[in-house]
Each structure stands twice: as structure tokens, then as C-alpha cells.
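S.K.: Counting from 1, position 2 in the sequence shown corresponds to residue 2 in our numbering; the numbering is continuous, with no gaps.
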Amino acid sequence: MARMKTWLEGLFGKGRPRIADETSPKDAVESGAEISPEERAALLVGILDAPTAREDEKYDAATELEFFSGPLVETCLIRIVRAEDFSSVLAQHCAESLGAIWAATGRVDPAFMTELRGPAKNEVFGILRIRASHLLPSGDL
């Protein structure tokens, strides 16, 4: 948790424009109030959805999302993988996190599994092969 707080503090720190009357994620982190896992996940999803977020910020957010689960996180990761045509670096980071979530929760989205292709499929299947091979379709071990 301390590592994530430090990462979020750095992420929402210097050089980020402020909009008047808007509470920034940085303010949430610096307020001293503990941020719940759900709030952290929502902040990370927000980074992936932010058109002004830098590429490296999106990569970091996608990678950190592997430690969360739930519909908000999984839907976002799947949406990004699709939007990135299963092949970009961001799609690969999202796919890796998705595979880690599925391995940790012991369940997959069977419809999306059949849709996976390219580097994103390699990431998901690679994680599942190592951590939860029983979740792979037969013949993909």
C-alpha cells in the first residue's frame, strides 16, 4: 500500500494542470485520509480513460490494476485491449493485468477469452499458464 501511495503521489504531482473547484486525485492522496481499494481502482481507471494522461502514466495505471478486481476494473481493461486492437504496448499491459486478476480470482470471461488475439492473447495466456493453467481452454496449455 505504501508503494502505491508513493506512486500515486508522484503521478499526480508536479506539472499537472489544476481545474478550479475540482478536487484532484493528488488532493485525495495528500489529504491524509486513507483511500479505499475501490477509490484507488477508480483513480487508476480514470488515468486510463483520461485523454490528457501521458503514455507512461497509462502504462503504470494498467500495471497497477492487476492488484484489483471487479466489474469496473475488468470492463476497463477489456475495453482498452479492444480499443488498442489487441496489439499495442498499452493493450499488453492491460492484458497482463487482466490475466493476473483472472488467475487470482479463479475465473475468466469466456466470451472475451475467445476474442483475444495477438500480443494481448499471449500476455493473458502466459499469465494463466504460469498461475492458473486450469483456467485455460483445453488444448492451450
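Positions of the beta carbon are idealized from the N, C-alpha and C atoms, including for glycine.
(1) Which of the three DSSP states, helix, strand or coil, is assigned to Arg107?
(2) Would you mind working out which of Glu74, Glu39, Asp56 and Ala41 sits nearest Thr105, comparing C-alpha positions?
(3) Below 8 Å on the Cβ atoms is my guess for Ala95 versus Val81; work out the distance and round it to an integer in Å.
(4) Rounding to the nearest angstrom, what Cα-Cα distance links Asp49 and Glu115 in this structure?
(5) The alpha helix (DSSP H) with Phe125 in it runs from where to where?
(6) Using only the alpha-carbon positions, how far apart do Arg144 and Ala103 sit?
(7) In the DSSP assignment, the alpha helix (DSSP H) including Asp60 goes from what residue to what residue?
(8) What is the DSSP secondary structure of Pro51, reduced to helix, strand or coil?
(9) Taking buried to mean at least 16 other C-beta atoms within 10 Å of its own C-beta, is Glu22 buried or exposed?
(10) Just how far apart, CA to CA, sit Val36 and Ala42?
(11) Quick check: Ser87 and Pro119, are their CB atoms within less than 7 Å of each other?
(12) Could you check what DSSP says for Leu136 in three-state terms: helix, strand or coil?
(13) In chain order, what residues of the same chain lie with their CB nearer than 6 Å to the CB of His93, ignoring the 5 residues before and after it?
M.R.: The structure says:
(1) In this structure, Arg107 counts as coil in the three-state DSSP scheme.
(2) Thr105 has its Cα closest to that of Glu74, out of Glu74, Glu39, Asp56 and Ala41.
(3) Correct: roughly 5 Å between the Cβ atoms.
(4) A direct Cα-to-Cα measurement between Asp49 and Glu115 gives close to 22 Å.
(5) Phe125 -> alpha helix (DSSP H) spans Gly118 to Arg131.
(6) Because the chain is modelled from 1 through 141, residue 144 falls outside the range shown and cannot be assessed.
(7) Run containing Asp60: Glu55 to Glu64, per the alpha helix (DSSP H) assignment.
(8) Pro51 falls in the coil class under three-state DSSP.
(9) In this prediction, Glu22 scores a pLDDT of 47, lower than 50, which makes its location untrustworthy; no coordinate-derived value is stated.
(10) The residue you asked about is not Val; residue 36 is Ser in the sequence shown. Ser36 and Ala42: Cα-Cα distance of roughly 10 Å.
(11) With respect to Pro119, Ser87 sits close: the two C-beta atoms are nearer than 7 Å.
(12) Coil.
(13) Taken in chain order, the residues that qualify are Tyr59, Ala62 and Thr63.
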